[in-house]
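So the mapping is simple: the working numbering equals the position in the sequence shown, first residue as 1, plus 15. Beta carbons are placed, not taken as given, at the ideal position from N, Cα and C, and that holds for glycine.
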Amino acid sequence: MQRYFLNDPFDGDSLAIISGEDARHIMKVMRMSEGAKIIAVSGGEAFESEITALADGEVEIRRLGDALPSNEMPVHVTVAAGLPKGDKLDLVVQKGTELGMSGLVPFEAERSIVKWDNKKSGKKIERLRKIAKEAAEQSHRNIIPGISEVTGLDGLVRLAESFDLLLIADEEAAKDRSGGSIAAHLENVYHGQKVLAVFGPEGGISRKEADRFREAGFSPIALGPRILRAETAPLYALSAISSEIEGKR
Numbered sequence: 016m017q018r019y020f021l022n023d024p025f026d027g028d029s030l031a032i033i034s035g036e037d038a039r040h041i042m043k044v045m046r047m048s049e050g051a052k053i054i055a056v057s058g059g060e061a062f063e064s065e066i067t068a069l070a071d072g073e074v075e076i077r078r079l080g081d082a083l084p085s086n087e088m089p090v091h092v093t094v095a096a097g098l099p100k101g102d103k104l105d106l107v108v109q110k111g112t113e114l115g116m117s118g119l120v121p122f123e124a125e126r127s128i129v130k131w132d133n134k135k136s137g138k139k140i141e142r143l144r145k146i147a148k149e150a151a152e153q154s155h156r157n158i159i160p161g162i163s164e165v166t167g168l169d170g171l172v173r174l175a176e177s178f179d180l181l182l183i184a185d186e187e188a189a190k191d192r193s194g195g196s197i198a199a200h201l202e203n204v205y206h207g208q209k210v211l212a213v214f215g216p217e218g219g220i221s222r223k224e225a226d227r228f229r230e231a232g233f234s235p236i237a238l239g240p241r242i243l244r245a246e247t248a249p250l251y252a253l254s255a256i257s258s259e260i261e262g263k264r
């Protein structure tokens, strides 16, 4: 059953309107008609819904029954990814969304080869948000991961103050085996808490950045015995966190 995220909540009569690109998808691509069933997501909850009318580029739906079970990860994991080359961030957003990521913060790291100016940043963020929405629909998420504006080291350290657990994937910590396992760091994390995990671009995190992150309370984590690509490391960590947290529910 197709899933759509509502811009406005259901009203008192359990009705809601879908417009814009989603309405066009329902009418032109899926060719649905009155009586067809979809899943509509509103306020972090998903409901089986029925199409009651289609006209003037809008689709009216009625909510049927109570909210469906949630597939969301019980902890909220935000990925801070050092800006990589090419379209690698597209992959991180798409697959990260499928793996339960709550948000992504593009991070202009010292070793980031690419730089985003204001014009480029706006277009990139818009594209990433569209990818996140489509991936959330496909993977039956109840939320669309938030894609933040690009930030630097200082901004990321300030952002860290609002999280319960701070992790950093540091290549040097992997080499000297000083990074702790993800499972060990999650032992005292409770459902509903927020995790921020930082990953470097190609070339990894610089020593200056690693020292600053540690001073801010970040703990280095080990991502296995092999060196992972910039786009692979966040997906490895999300998979490990999901396995550790959701596997015990």
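Checklist line | Anticipated Cβ contact below 8 Å, serine 85 with asparagine 203, distance rounded | finding: That belief does not hold up - the Cβ atoms of serine 85 and asparagine 203 are roughly 24 Å apart, past 8 Å.
Check: Can you pull the DSSP bridge partners for alanine 96?
Finding: Beta-bridge partners of alanine 96 (DSSP): Pro121 and Phe214.
Check: Is the beta carbon of proline 99 sitting closer than 7 Å to the one on alanine 245?
Finding: In contact: proline 99 and alanine 245 (Cβ atoms closer than 7 Å).
Next item on the list: Could you tell me whether the stretch 52-66 touches the stretch 168-187, where touching means 3 or more Cβ pairs closer than 8 Å?
Entry: Result no; under three Cβ-Cβ pairs closer than 8 Å.
Notebook entry, point to check: Cβ of asparagine 22 less than 7 Å from any chain B Cβ?
Noted result: Any reference to chain B falls outside this structure, which holds one protein chain only.
Next item on the list: Give the range of the beta strand (DSSP E) segment to which arginine 126 is assigned.
Entry: Looking at the DSSP string, arginine 126 is not in any beta strand (DSSP E), and its letter there is neither H nor E.
Notebook entry, point to check: DSSP puts arginine 78 in a beta bridge; with which residues?
Noted result: Beta bridge pairing from DSSP links arginine 78 with Ser64.
Item checked: Reduced DSSP category for arginine 222 - H, G, I as helix; E, B as strand; rest coil -> Helix.
Notebook entry, point to check: Start and end of the alpha helix (DSSP H) containing alanine 147?
Noted result: 133-153 is the extent of the alpha helix (DSSP H) around alanine 147.
Next item on the list: Taking all protein chains shown into account, decide if isoleucine 146 is buried (16 or more other Cβ within 10 angstroms of its Cβ) or exposed.
Entry: With 16 or more other Cβ atoms within 10 Å, it is buried.
Checklist line | Pair within 7 Å by beta-carbon distance, alanine 96 and glycine 72 | finding: Their beta carbons are not under 7 Å apart, which means alanine 96 does not touch glycine 72 by this criterion.
Note to self: I need the boundaries of the alpha helix (DSSP H) containing lysine 110, first residue and last residue.
What the structure shows: First-last of the alpha helix (DSSP H) with lysine 110: 103-113.
Check: From His200, Met116 and Pro249, pick the residue whose C-alpha is nearest to that of lysine 103; which is it?
Finding: The option with the nearest alpha carbon to lysine 103 is Pro249.
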